[in-house]
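Since the structure comes first, as structure tokens, the remarks are kept for the end.
Residue numbers (my numbering): 9 to 566.
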């Protein structure tokens, strides 16, 4: 340790490298680091770091550019003097940022410093720690002060020692506190996190009549705890990876080890670790775009859920769940088109009623896609209408072309949807009345629109809002507009060709090497029946073939 200090002060590269090697060997001789790594859930290895890779990066002194263009070492040692330590904290924002707190005290004849960000820690825990340390006497501390404080004197549940400056800063910015002792080139990380967070409440997009009312929040630990509460399986695994050079966002990969396909886990893990971004301020959505890389395809290749019971059910099926800190939604991988049209309400009712609700939802989704284009096709080609549907069609024409009416109505519905999001709740009712009476009724009365366009557009909009996946509903709207334009341009050939192209694109799409249109393409009869009919729990005994689970059976056969 003293060699490391002298090498840092001398500034000679060879001595510095030798000191680092001596520091690592002496650190291993103490035996405290390995013992402590099992106590804390936030070790560097769990955060996605490879120990061998870290040592290699340390010895090679890999560099990266800071935002001002200067070169700095990726891993820097912690200064072995408290004056140098405080000076380095000033470079990190101390005395500039008001939320940085550095509490200096002399404990056991040793100058110490407690460094944390105000608002991210639990003050009562740190107060208890400092209260306990004030009883220390100088003779209680040996020459290896870090070892003594770490193993004997710091009364905290999760503590560990770090010897790299960047590691210390990341831990502190993640909500931990750094306890530094003068003369040591290590800092003790005390986990006393207390993030600002709201309480779990039912998500607005996945409401159910019967069922749990709790939902995910913006705090990672709360979210994983909600799932762990429902899935008390010792094989449930939570792997932590940090993504983003600046944000260092915690990303958790969740799976059941003896169920989920290992190749699927490895594929998702590798894709997340390969993400090279400044950060993920928009959380899971940015992570999805960086890993899935679907280009301009509007259809979602990832299913989002804000319900812990839905995530737990998918984990038992063999899916992988990806939690991103600061996001109240969880990504479920892989996913299919038919996963996106199912809702938790179907499983909260009896099998008969669940099947009925599923069929009603399917009809609404199909109507949102094809009702307007088919009606428009019948208007343009009256000879295609069956005799029983002669009443379909406008009795009088409007002042603007019908295709323009459709496009304006589509834009109007989107505009109203966005306005509803940004309108305060007390004014939402007034806005609905304005949209329904003043805009819709007056537009028909003045002859700009015809009644049938407004009627069928309203039915299509209801079908879109009935789609469980918000992203899928938006994608279906784009396809509907495409079909309307193709019908207006080429009539029957346009409708057939556009529909075929959309089906081909979806059939060729894959979500983490799984076919997107399964079980329709490739066809799986048993799985397709389970999509059409909501089976009773005791009859659904096997997991989907799509996920290639280690265990196919869900329950023992009797």
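Just so you know, even glycine gets a beta-carbon here, dropped at the ideal spot from N, CA and C.
Proximity winner among the options, relative to residue i (alpha-carbon distances)
| i | options | result |
| --- | --- | --- |
| residue 313 | 225, 124 and 114 | 225 |
| residue 296 | 156, 263, 340 and 320 | 340 |
| residue 358 | 543, 137, 448 and 167 | 543 |
| residue 162 | 168, 152 and 137 | 137 |
| residue 291 | 250, 121, 175 and 276 | 250 |
| residue 117 | 189, 451 and 383 | 189 |
| residue 532 | 407, 346, 322 and 510 | 346 |
| residue 259 | 207, 269, 248 and 267 | 248 |
| residue 319 | 402, 237, 492 and 360 | 237 |
| residue 180 | 199, 192, 165 and 530 | 199 |
| residue 482 | 539, 501, 308 and 427 | 308 |
| residue 330 | 505, 231 and 408 | 231 |
| residue 461 | 272, 382, 299 and 310 | 382 |
| residue 205 | 223, 239, 456 and 215 | 223 |
| residue 463 | 402, 506 and 502 | 402 |
| residue 420 | 433, 400, 451 and 399 | 451 |
| residue 279 | 268, 549, 269 and 299 | 299 |
| residue 323 | 154, 434 and 267 | 267 |
| residue 334 | 90, 289 and 174 | 289 |
| residue 356 | 219, 301, 389 and 416 | 219 |
| residue 332 | 256, 453 and 468 | 256 |
Residue i burial status per 10 Å Cβ neighbour count (16 or more: buried)
| i | result |
| --- | --- |
| residue 254 | exposed |
| residue 521 | exposed |
| residue 228 | buried |
| residue 473 | exposed |
| residue 282 | exposed |
| residue 75 | Here residue 75 scores only 38 on pLDDT, less than 50, and its place in the model should not be relied on; the value that follows carries that caveat. Exposed, because fewer than 16 other Cβ atoms sit within 10 Å of the Cβ of residue 75. |
| residue 559 | exposed |
| residue 286 | exposed |
| residue 392 | exposed |
| residue 303 | exposed |
| residue 430 | exposed |
| residue 504 | exposed |
| residue 252 | buried |
| residue 387 | buried |
| residue 537 | exposed |
| residue 294 | buried |
| residue 395 | exposed |
| residue 545 | exposed |
| residue 104 | exposed |
| residue 540 | exposed |
| residue 457 | buried |
Identity of the residues DSSP links to residue i by a beta bridge
| i | result |
| --- | --- |
| residue 244 | 264 |
| residue 331 | 260 |
| residue 567 | Residue 567 lies beyond the residue range present for the chain, which begins at 9 and ends at 566; the question has no answer from this structure. |
| residue 122 | 111 and 187 |
| residue 168 | 197 |
| residue 426 | DSSP, once it has assigned bridges, lists no residue as partnering residue 426. |
| residue 518 | 523 |
| residue 85 | 172 |
| residue 238 | DSSP lists no partner for residue 238. |
| residue 313 | 338 |
| residue 250 | 258 |
| residue 129 | 201 |
Under 8 angstroms between C-beta atoms of residue i and residue j
| i | j | result |
| --- | --- | --- |
| residue 411 | residue 466 | no |
| residue 194 | residue 128 | no |
| residue 168 | residue 85 | no |
| residue 235 | residue 316 | yes |
| residue 88 | residue 177 | no |
| residue 123 | residue 186 | yes |
| residue 109 | residue 126 | yes |
| residue 344 | residue 478 | no |
| residue 567 | residue 349 | Summary: the structure shown does not reach residue 567, with the chain confined to residues 9 through 566, and so no result is reported for it. |
| residue 567 | residue 306 | Within the shown structure, residues of the chain are numbered from 9 to 566, placing residue 567 beyond reach of any answer. |
| residue 414 | residue 378 | no |
| residue 272 | residue 328 | yes |
| residue 262 | residue 277 | no |
| residue 519 | residue 529 | no |
| residue 2 | residue 94 | The first residue shown for the chain is 9 and the last is 566, placing residue 2 beyond what the model contains. |
| residue 354 | residue 555 | no |
| residue 535 | residue 552 | yes |
| residue 488 | residue 397 | no |
| residue 471 | residue 375 | yes |
Short CB-CB distance (under 8 angstroms) between residue i and chain C
| i | result |
| --- | --- |
| residue 251 | As a matter of chain content, chain C is missing from the structure shown, which is built from one protein chain. |
Heavy atom of the ligand ZN within 7 angstroms of residue i beta-carbon
| i | result |
| --- | --- |
| residue 413 | Summarising the ligand content, the structure contains no ligands, and the ligand ZN is consequently not present. |
Legend entry - Those runs of the alpha helix (DSSP H) which lie wholly inside the stretch 346–371 and span at least 4 residues: Counting whole runs of 4 or more residues, the stretch 346–371 contains the alpha helix (DSSP H) stretches 352–355.
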